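Every position in the sequence shown, counted from 1, becomes a number in this note's numbering once 1437 is added.
Where a beta carbon is used, it is the ideal one built from N, C-alpha and C, also for glycine.
Remember, predicted model here, so these are calculated numbers, not experimental data.
Notes to accompany the following structure.
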Amino acid sequence: MWIYLLILFLLIIGLTAFTVFTLVVTNRHVGKALSGKGIGEHRLGDYSRWLQNYVINAENWDEIKNCLVDVNLCQHLTANKGEEFFIHNLSLIQSGCCQPPAYCGFQSQNATYWIVPKTGPAVPHQDCKTWSNVQKELCFDCESCKTAVLNNIKKDWRFIAIINSIILVIVIIVYSIGCCALKSNSSSGYQKYRGPA
């Protein structure tokens, strides 16, 4: 019984630590304190430094970018022409990775082919310079794409934190019942039968 309670106690500590870590890393206020890096709705500074350092660092970002290219994230958008493209609701990742940010002022030829105005981008932002009409590049290295991926991770981790919290409550209840049973057994005054003397 002691081993069972010890394992439950360690599980409670582990779940609590992971849940707190997840909430701190995805906390909106941690990122807002660092915000101001970016333009419009795409701000890397809105996310915690941990997410920025460990998710979108060069090594990890190359793997993520390759996955996005391999799953043809932007491929089905190329079939849509003109007005039809704008009618479709794009996911944040498609919007951030498959087209240049709206603030660049590029002119759309189709879903993934955009022309820079003769006067240049409307805003001198790095994403406007990073955009490429090459299908394997598009805006996959843009801050807007990285922000969209971070936003997706943040949502998923928030969901995991909620599930962890529910599991944590259940484990605490089971642990409490186990502690009560152990205490009840030891204080009931019954002595173990040892056989005839």
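Look at the alpha carbon of residue i and the alpha carbon of residue j, and state the distance between them as a whole number of angstroms.
i	j	result
Trp1568	Tyr1612	55 Å
Val1560	Leu1460	35 Å
Gly1451	Lys1620	24 Å
Ala1548	Thr1453	45 Å
Glu1496	Phe1577	14 Å
His1562	Ile1600	39 Å
Gly1468	Trp1498	The predicted model places Gly1468 with a pLDDT of 48, which falls under 50 and marks its position as unreliable; any figure quoted below should be read in that light. Cα to Cα, the separation comes out at about 19 Å.
Ile1610	Cys1617	11 Å
Glu1574	Pro1537	11 Å
Lys1566	Glu1500	22 Å
Indicate the three-state DSSP secondary structure (helix, strand or coil) for residue i in the structure shown.
i	result
Trp1568	coil
Ser1545	strand
Tyr1550	strand
Asn1464	coil
Leaving out five residues on either side along the sequence, give the residues of the same chain with a beta carbon under 8 Å from the beta carbon of residue i.
i	result
Leu1481	Lys1474, Gly1475, Gln1489, Ile1493, Glu1580, Lys1583, Thr1584, Leu1587
Leu1510	Ile1530, Gln1531, Cys1534, Cys1535
Ile1444	none
Within the same chain, show all residues whose beta-carbon is closer than 7 Å to that of residue i, passing over the 5 residues directly before and after it, in chain order.
i	result
Ala1470	Note that Ala1470 has pLDDT 49, beneath the 50 cutoff, so the model's placement of it is unreliable and the number below is only indicative. Around Ala1470: no qualifying Cβ.
Thr1456	Ala1598, Asn1601, Ser1602, Leu1605
Quick one: residues in its chain with C-beta nearer than 6 Å to the C-beta of residue i, no 5 flanking neighbours on either side, listed in chain order?
i	result
Trp1381	Coverage of the chain is limited to positions 1438 through 1634, which leaves residue 1381 absent and any answer about it impossible.
I believe residue i touches residue j by the beta-carbon criterion, under 8 Å. Please report the beta-carbon distance rounded to the nearest angstrom.
i	j	result
Tyr1491	Lys1591	That belief does not hold up - the Cβ atoms of Tyr1491 and Lys1591 are roughly 13 Å apart, past 8 Å.
Exercise. Note down, one range per segment and in chain order, each alpha helix (DSSP H) of at least 4 residues found wholly within the segment 1550 to 1621.
Key: Within the segment 1550 to 1621, the complete alpha helix (DSSP H) runs of at least 4 residues are 1563 to 1567.
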